[in-house]
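Chains as they are written, first to last, in this note's numbering: chain X, 27 to 526; chain W, 27 to 526; chain E, 27 to 526. To start, the structure under review is shown below, and the notes come after it.
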Amino acid sequence: MKERALIFAALTAILLYALPGMTANKEAKSNKAPLSSESQACVDCHKGFHSGVVGDWLSSRHAMVTPEQALQKPELERRISSTSIPEKLSKVAVGCYECHSLNEKTHTDNFEHFGYNINVVVTPNDCKTCHKTEVEQYMGSKKASALDNLQKNPVYHALVETIVSTKDVKDNKVVRTAVSEDAKNQTCYACHGTKVTVKGKKKLSTSFGDAEVPELTNWPNQGVGRINPDGSYGACTSCHPRHGFSLKVARKPYTCGECHLEPDIPAYNVYHESKHGNIYSSLNADWNFEAVPWTVGKDFRAPTCATCHNSLLTNADGEVVAQRSHDFGARLWVRIFGLIYSHPQPKSGKTYEIKNKDGLPLPTAFTGETASSFLIDQAEQRKRQDVMQGVCKGCHGTSWTESYFTKFHKIVEEADAMAKASTLLLVNAWGKGLADKSNPFDEPIEQRWVRQWLIYANSVRYAAAMQGPDYAAFKNGYWELTNNLAEMEQFIRLTPKKKK
Amino acid sequence: MKERALIFAALTAILLYALPGMTANKEAKSNKAPLSSESQACVDCHKGFHSGVVGDWLSSRHAMVTPEQALQKPELERRISSTSIPEKLSKVAVGCYECHSLNEKTHTDNFEHFGYNINVVVTPNDCKTCHKTEVEQYMGSKKASALDNLQKNPVYHALVETIVSTKDVKDNKVVRTAVSEDAKNQTCYACHGTKVTVKGKKKLSTSFGDAEVPELTNWPNQGVGRINPDGSYGACTSCHPRHGFSLKVARKPYTCGECHLEPDIPAYNVYHESKHGNIYSSLNADWNFEAVPWTVGKDFRAPTCATCHNSLLTNADGEVVAQRSHDFGARLWVRIFGLIYSHPQPKSGKTYEIKNKDGLPLPTAFTGETASSFLIDQAEQRKRQDVMQGVCKGCHGTSWTESYFTKFHKIVEEADAMAKASTLLLVNAWGKGLADKSNPFDEPIEQRWVRQWLIYANSVRYAAAMQGPDYAAFKNGYWELTNNLAEMEQFIRLTPKKKK
Amino acid sequence: MKERALIFAALTAILLYALPGMTANKEAKSNKAPLSSESQACVDCHKGFHSGVVGDWLSSRHAMVTPEQALQKPELERRISSTSIPEKLSKVAVGCYECHSLNEKTHTDNFEHFGYNINVVVTPNDCKTCHKTEVEQYMGSKKASALDNLQKNPVYHALVETIVSTKDVKDNKVVRTAVSEDAKNQTCYACHGTKVTVKGKKKLSTSFGDAEVPELTNWPNQGVGRINPDGSYGACTSCHPRHGFSLKVARKPYTCGECHLEPDIPAYNVYHESKHGNIYSSLNADWNFEAVPWTVGKDFRAPTCATCHNSLLTNADGEVVAQRSHDFGARLWVRIFGLIYSHPQPKSGKTYEIKNKDGLPLPTAFTGETASSFLIDQAEQRKRQDVMQGVCKGCHGTSWTESYFTKFHKIVEEADAMAKASTLLLVNAWGKGLADKSNPFDEPIEQRWVRQWLIYANSVRYAAAMQGPDYAAFKNGYWELTNNLAEMEQFIRLTPKKKK
C-alpha cells in the first residue's frame with residue numbers, strides 16, 4: 027500500500043507540476059467565481075444570442091475572481107486599487123449585471139430590460155468602483171480630454187473640417203458641401219472619442235422579440251476621450267476590449283497601434299521595425315503577459331509600449347523599477363507629436379486651455395516659441411526623464427542610455443528645424459499670394475506644410491525615440507523632409523503670382 | 027490488484043485528458059491513414075528530393091484521414107461535401123497519386139513519369155471529387171472568373187497594359203515598348219490568375235537523371251481565377267497552400283492579405299489596425315483554428331476574414347450562425363472595391379458580361395449610374411446584409427450593429443462623392459486640352475483620378491467596413507482624397523493650355 | 027512489486043514522452059553550465075541593476091552549455107566552428123566575463139571596473155574565439171564593409187549628406203546648415219554601422235555610486251558594418267541581439283526586417299505579403315527555430331530569410347541541402363538592390379574599390395554598363411544560382427523553379443529599363459537647364475529619378491524575387507514607375523527654362 031501511495035504521490039506531483047505548464051499559454055482557466063443570480067439570468071439568455079460576449083467574458087479574470095479574493099493579494103500583485111468594495115459586489119464574479127447596473131442614477135442610458143435596469147454603456151466612472159487609482163490617473167491625462175482637445179480648439183477643428191468634409195466641384199472649383207458626424211466619427215473621433223448621448227428610444231426586432239432600447243448618438247465608439255451618457259470621460263475598453271478585459275491585450279503593441287500609427291503618429295510602426303519590436307515579434311509567445319507585477323528579464327525580454335509607458339515593473343530582486351500609471355504621459359517629458367514643433371509636455375491634459383503668443387490654444391506659436399507657462403518646467407522634465415531612463419536601465423547600461431537620450435534630443439531639434447523651414451516657405455508663399463492664409467489647411471502648398479510636421483517630422487521624432495532607422499530615413503523621414511522642402515521651394519519659384 | 031488498476035485508470039484518465047491539450051497547438055498528429063502503393067512510391071522517391079512537399083503533406087489532414095472516415099463525421103463537422111467517393115480513393119490517405127492522377131483524360135498536362143501517369147497541376151475539378159459543394163460555390167464567384175474579368179474587359183485591359191508595359195524615352199517622350207507576359211504574371215495576374223496551357227515538352231536535368239515533362243505557359247501561378255490545363259477555373263491552393271491544405275492557414279488573415287492589401291484593396295491592412303485585428307494579433311495563439319464547425323466565443327474571440335466572409339459558424343448552443351460558402355461574395359451586398367464608385371454586388375461572377383449606360387462592361391457609368399440590371403436588387407441586398415449582421419451579432423448587440431451599418435453606408439456614399447468630384451475635374455481637364463482622353467490612364471492628372479477611386483476612396487470604404495480609423499483619415503483616406511482634389515484643381519488652374 | 031514497477035515505468039515513459047512536448051515552445055531550459063567566479067561576481071551585482079541583461083542571458087544557450095560540451099556535438103549539429111577553445115573558457119558557461127574580457131590588449135575600450143578589466147563592446151573578433159568560420163565568412167561580406175562602403179564612396183556620401191543635412195530657408199531658398207553625426211547615426215548608419223572610438227573617460231552616477239567609464243563616439247549602435255574600438259568590423263548583435271543570442275530571433279524575418287524594408291529595400295515587406303510569408307505567419311508557432319541542422323519539411327514548412335540566404339539545411343534523409351554561410355551574399359548572383367541598375371554581385375565586399383566607366387566606385391555606369399571586372403562572372407553566377415535553386419527545390423519541382431527564375435530575370439531586366447528611362451529624362455532636364463547636375467540628388471526632378479531606382483525599381487525587383495504581387499503592381503511597383511515617368515515628362519514639357 028505504501029508503495030502504491032508513493033507511486034501515486036510521485037506521479038501526481040509530476041502531473042501537478044506539468045499541468046500548469048501545459049496551459050500556461052492558454053487564457054482559459056478552470057476556476058470560476060460564483061455568479062450573482064442577476065448575471066446568471068443575463069448569461070442564460072445571452073449565451074446563445076451573443077456567444078462571443080459570453081465566451082469572451084468567461085475567459086476573463088472577471089469571471090474567475092471575486093473582488094474580495096482580488097483584495098487579498100499582496101499589494102504589488104493586486105489588480106484592483108480601491109481598498110473597499112461595496113458589499114453586494116465583493117463576493118461574486120464581476121459579471122454582466124455587476125457592471126451594467128452601476129450608478130443607475132447618473133446613467134441617462136439606463137433602461138428597463140426584462141425586469142432589470144441596465145446601462146448600455148459601462149463607463150470609467152463605473153469601473154472606478156474597483157479600479158479607483160487607474161481611473162483617477164486617467165482623468166488627468168490628455169487621453170481623457172482627447173475629444174474636448176479637438177473640438178474646443180478652433181485650429182484643430184478647422185483642420186478636421188477641412189479634411190473630412192465631403193467635396194463637390196462647382197464652376198471648376200472644389201467646394202465643401204457638408205461635414206457629417208459619421209465622417210468625423212469614422213476618422214478623428216474614432217480614436218479621440220465621440221460624445222454619446224441619449225436622443226430617445228428605439229424599437230429593435232431581435233430574435234427574442236421586440237425590445238425598446240435607448241437610441242444613442244455617435245455610437246458605437248471606443249475612443250479614449252469619449253464623453254459618456256453619464257457625463258464621464260473616456261473608455262477603458264479602448265485598451266481593455268470587452269468582454270475579456272485582458273491584460274495580455276493591453277500589454278501587446280497592437281492595442282496602442284490602433285491609433286498610434288503611421289503616417290501621423292508612427293509609434294507602432296517604428297516599434298515594429300525596431301530591435302525591441304524584432305525581439306518582441308520573435309519571442310513574445312514565450313513570455314508572460316499576465317504577471318502582476320511585471321518582472322524585467324523574467325516575464326519579458328524586450329519591452330512593449332506598456333512596459334516603457336505605464337506598467338508596474340519590478341526587477342529580479344522584486345524591487346519596483348517603475349510604478350504603474352494610467353496617465354500615459356506621466357513618464358514623458360517632451361511631446362514629440364509635434365504641433366507644429368516638439369515642446370515640453372503640457373501641465374494639464376486639457377490642452378485646449380493653453381494660450382500661446384499667437385493667442386491660440388497651441389503649445390507652440392506658429393514660428394516655434396513655446397507657451398511655457400502651460401508646459402512642464404525643466405525640473406519636472408528632468409524628473410520624468412529619470413523615470414524613463416530607469417526603465418531603459420533595466421536592460422541597458424547608464425552610458426548607453428544617456429548617449430541614446432542625447433541623440434534623441436538632437437534629432438528632435440533637427441526635425442523641429444526642418445518643420446520651421448517649411449513654415450518659412452509657407453509664409454513666403456502666402457506673402458506672394460500663391461496661397462490664401464485664411465484657411466491654412468486647404469491648398470496644396472499648405473498641405474505640404476502639414477505633411478512636413480504632422481507626418482515627416484513626427485516620423486523622424488518617433489524613430490529617434492524608439493530606434494526605427496527607416497522612419498528617420500527613406501520612410502517618411504529626412505528623405506521626405508528634404509524632398510518636400512525642395513518641392514515647396516520649386517513651386518514658389520516656378521508659379522506665377524496667383525490671381526484670384 | 028484492484029487498487030493498482032484504479033491508480034492506473036485514474037492516471038491514464040488524467041493523461042488522456044491532458045495530452046490533447048498539450049498538443050492542441052501543434053499541427054503534427056500521430057495517426058496516419060494507410061497509403062496507396064502508388065503514393066508510397068511517390069513518397070519514397072520524393073521524400074529526400076522534395077522534403078518540404080512530403081513533410082508538409084505529412085502534417086496535413088489528407089495524410090491522417092481517409093475519405094471514408096471523413097464521411098462518418100456528423101454533418102456540421104464534416105470537411106468533405108461529396109456524399110460518395112470513388113471506391114479506390116475512399117479507404118486510403120489522400121496522397122500524392124490520389125490527387126495527381128485524377129481525370130487524366132481532361133488533363134493536357136498529364137505525362138508519363140516513371141511508369142505513372144501524372145498531372146502536373148491539380149485543379150478545382152480534381153478537388154471536386156471530395157469537395158463538391160465548395161467547388162460549385164466557388165465557380166459562381168467573382169474569384170473563379172478573376173482572369174476573364176480582367177482580360178475580357180477592354181477598360182481593365184487598357185489599365186493593365188498602360189501600367190505594366192515597359193517604357194523607353196524617345197525624342198524626350200515616354201513611349202511604351204512592350205507588355206510582357208512576365209510583367210502581367212508578376213503583377214495583376216499573380217492574384218487574378220494566369221492561363222496555364224501545355225506548349226510542349228521539355229527535358230529537365232534532375233538529380234534523379236533526365237526527365238521529360240510538360241512545358242507550361244504562365245507557370246507557376248496560384249491566382250484565384252487561374253485557367254488550368256484541364257480547362258477548369260481557379261486554384262484552391264491560393265488559400266489552401268500545398269501540400270498542407272491547412273484550415274488554419276486559410277482562416278488566418280495573412281492568406282487573404284496576399285492579394286487584398288494596401289494600397290488598392292487594403293482589407294488586410296484595415297483589419298490589422300482594427301480592434302478585431304488587435305485582439306486577433308494579441309490572442310490568436312490561444313484559439314482553435316482547426317475546429318469544424320467554428321464556435322463563436324469558444325474557438326475564437328474576434329473574427330478573422332474567414333469568420334465574417336465564409337466560414338461555417340455555430341453559437342455556444344450548437345446552432346448555426348452562418349453557413350459556409352466558398353462564394354466569397356455571398357455575404358456581401360455592396361461592392362466597396364469601387365470601380366469607380368461603389369455599387370450593389372453583381373449578380374454573376376462574370377463581370378465582363380455587364381453593360382453600363384456608356385456601353386462598357388463596368389458596374390457603374392463614368393458619372394456614377396449603376397448598371398442595375400446586372401446587379402443584385404434591394405431584396406437580395408437586404409438578405410445578404412442580414413446574414414452579415416447575424417455574424418456581427420455573435421458578439422455585438424443589435425443596436426450597435428445597426429448603427430455601425432448606418433455609418434458604413436454613409437461613409438461609402440461620401441467616398442463615392444469624393445470620387446465623383448475628381449471625375450468632374452478630369453472631365454474639365456480633358457475639356458481644356460490639358461490631357462487626352464483617348465487613354466484615360468496614362469497622364470499624370472488621369473493617374474490622380476485613378477488614385478482617387480482605386481486607392482483613396484477604396485481605403486475609406488474598407489476602413490468604414492472594418493473600423494480602421496487611420497485608413498479613413500491620414501493613411502490614404504479623407505486627407506488624401508482632399509489633397510488630391512486640391513492638387514487636381516491647382517494643376518488645371520495653373521497649367522497653360524496644352525499644345526500637342 | 028513487478029506490476030507496480032510496470033505501471034510506474036509505463037507512466038513514466040508516457041510522461042517523459044509528453045513533457046518535452048509541453049515545453050518545446052518555451053525557450054527557458056533548466057540546465058545551467060557552471061559559471062566562472064568572475065561571471066558570478068558580474069551576475070551578483072548586475073542581477074538587480076540590469077535584470078533584463080541577466081535574465082536574457084540566463085535564457086541563452088551561452089548559459090546552458092560550455093564550449094567543451096558544444097564541441098562534442100556531431101559536426102552538423104555543432105553551433106561553434108572553432109575546433110579548439112582556450113582552456114580557461116572551455117569548461118564554464120559563456121558568461122559575462124568570458125566575453126567582456128577577451129583580447130584586452132586590442133580593446134581601446136577596456137577599463138578597470140571593480141577590480142576587473144572589462145571591454146565595453148564585445149566585437150566579432152571576440153566572438154571569433156568560438157565562432158571562427160562565421161566571423162571569417164562575415165568579414166568577406168558586403169555587410170562587414172557597410173560603413174566603409176558608404177563613407178568611402180563619394181556618390182553615396184553626397185546622397186547621405188544631401189538627405190540628412192538640416193535645412194533652413196534664407197532669401198526664400200532652402201539651404202543646408204549642418205550635417206550632424208547624430209542625424210547620420212539615426213538614419214543611414216543605424217543599419218550600416220558607425221565608427222565607435224574612445225574619446226576619453228566620463229564619470230557616471232549610478233545607483234552603485236560613481237564610476238568612470240570610457241566615453242565612446244557614435245554609441246550606441248548595432249549596425250552591420252560598425253567599426254569597433256578594437257579595430258574590428260561588424261556587430262554580431264545586429265542579428266543575434268544581446269544577451270540571448272537566440273537562433274530563433276536570427277532565423278525569424280523580423281530581424282532582417284529591421285534594415286531590409288520598405289521603401290528602399292522592401293525585402294521584409296515583400297516576404298510578409300508573399301505565400302511564404304503567409305504560411306510562416308500562420309504556422310510558425312508550431313515550427314522549430316532552434317534545430318541545428320535545420321530540416322526542410324520537418325522543422326519548418328515555409329522558408330524565412332535565413333532559410334534561403336544563409337542557414338545550414340538538411341533534407342528528410344539527413345543530407346545537406348545547403349551549407350551555412352555568414353556571407354549573406356554567398357547564395358546571390360545578381361544584385362537587385364539596384365544602384366542604379368541591377369548587376370552581378372561584386373567580387374569583394376568592399377564595393378568602394380569598384381571603378382566604373384564614369385570613374386566612380388559604382389557597379390554600373392550612369393547609363394547602365396556594368397563595371398564587369400569588379401563583378402562575379404557568368405560561371406560564378408551560375409554556381410550561386412544553382413545553390414539557391416537547390417534550396418527552392420526542397421519544396422518545388424525543377425520545372426516550377428526554373429520557370430520562376432526565368433520570370434525573375436525578365437522582371438529585373440524590365441525594372442532596369444524603367445530606371446534607364448528616368449535617367450534619360452533626367453539628362454534631358456539637365457540639358458534644358460531645368461535642374462543643375464552638380465548635385466544629382468537635391469532638386470525635385472532628381473529626387474524623382476532617385477525614387478525611380480531606389481524605391482520603385484527596387485520594389486519590383488524584390489517582388490519578383492520573393493513573389494509579392496502588390497510590390498510589383500500598385501505598391502511602389504509598375505504603377506509608380508509609370509506614373510513617375512509621366513510626371514517627369516510633364517514637368518519637362520510644362521516648365522519654362524529655368525533662369526538661375
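Beta carbons are placed, not taken as given, at the ideal position from N, Cα and C, and that holds for glycine.
Given that residue i touches chain W, what residues does it touch there, using C-beta distances under 7 Å?
| i | result |
| --- | --- |
| E/N341 | G74 and S77 |
| X/P267 | K301 and I305 |
Mind listing the chain E neighbours of residue i? Cutoff is C-beta to C-beta under 7 Å, in chain order.
| i | result |
| --- | --- |
| X/C421 | H76, G78 and V79 |
| W/V250 | The premise fails here: W/V250 is roughly 12 Å from chain E at the closest Cβ pair, so nothing lies under 7 Å. |
What residues from chain X crowd round residue i, counting only those whose CB sits closer than 7 Å?
| i | result |
| --- | --- |
| E/D290 | F500 |
| E/C153 | In chain order: nothing, as chain X lies at least about 18 Å away. |
Is the Cβ of residue i closer than 7 Å to any Cβ of chain W?
| i | result |
| --- | --- |
| E/L451 | yes |
| E/K178 | no |
| X/P246 | yes |
| X/A217 | The residue asked about is misnamed: residue 217 of chain X is Cys in this sequence, not Ala. At least one chain W Cβ lies under 7 Å of X/C217. |
| X/P470 | yes |
Starting from residue i, find everything on chain X with Cβ-Cβ shorter than 8 Å and list it in chain order.
| i | result |
| --- | --- |
| W/E299 | G283, E284 and L287 |
Of all the CB atoms in chain E, is at least one closer than 7 Å to the CB of residue i?
| i | result |
| --- | --- |
| W/C68 | no |
| W/E53 | Bear in mind that a pLDDT of 38 at W/E53, under 50, signals an unreliable position, so the model cannot answer this. |
| W/Y182 | no |
Shortest alpha-carbon distance to residue i belongs to which of the options?
| i | options | result |
| --- | --- | --- |
| E/P279 | E/S171, E/F467, E/T449 and E/T333 | E/T333 |
| W/P240 | W/A483, W/W83, W/K131 and W/I144 | W/I144 |
| W/L507 | W/E428, W/K227 and W/A443 | W/A443 |
| W/T220 | W/S464, W/H298, W/T424 and W/I253 | W/I253 |
| E/E533 | E/M514, E/K301 and E/H266 | What the structure shows of chain E is the stretch from 27 to 526, and residue 533 of chain E is not part of that stretch, so it cannot be assessed. |
| E/E316 | E/P292, E/P389 and E/R277 | E/R277 |
| X/K225 | X/D135, X/G78 and X/T149 | X/D135 |
Chain X beta carbons: is any one of them nearer than 7 Å to that of residue i?
| i | result |
| --- | --- |
| W/I111 | no |
| W/S62 | no |
| E/A455 | no |
| E/I189 | yes |
Output the boundary residues of the alpha helix (DSSP H) element that contains residue i.
| i | result |
| --- | --- |
| E/I437 | T424 to G457 |
| E/L115 | E113 to S116 |
Taking the beta strand (DSSP E) that residue i falls in, what are its first and last residues?
| i | result |
| --- | --- |
| W/P289 | W/P289 -> no beta strand (DSSP E), and no H or E assigned at all. |
| X/F137 | N136 to H139 |
| W/M227 | The question names Met, yet the displayed sequence has Lys at residue 227 of chain W. From DSSP, the beta strand (DSSP E) with W/K227 extends over V224 to T232. |
Going along chain E in order, which residues have a C-beta closer than 9 Å to the C-beta of residue i?
| i | result |
| --- | --- |
| X/E395 | Under the 9 Å cutoff, chain E gives no residues; its nearest Cβ is about 17 Å from X/E395. |
Applying a beta-carbon distance threshold of less than 8 Å, which residues of chain E neighbour residue i?
| i | result |
| --- | --- |
| W/N211 | K433 |
Since I believe residue j is in contact with residue i (beta carbons under 8 Å), could you give me their beta-carbon distance rounded to a whole number of angstroms?
| i | j | result |
| --- | --- | --- |
| X/Y297 | X/C331 | 7 Å |
| E/R410 | E/L358 | 6 Å |
| W/V417 | W/V347 | 6 Å |
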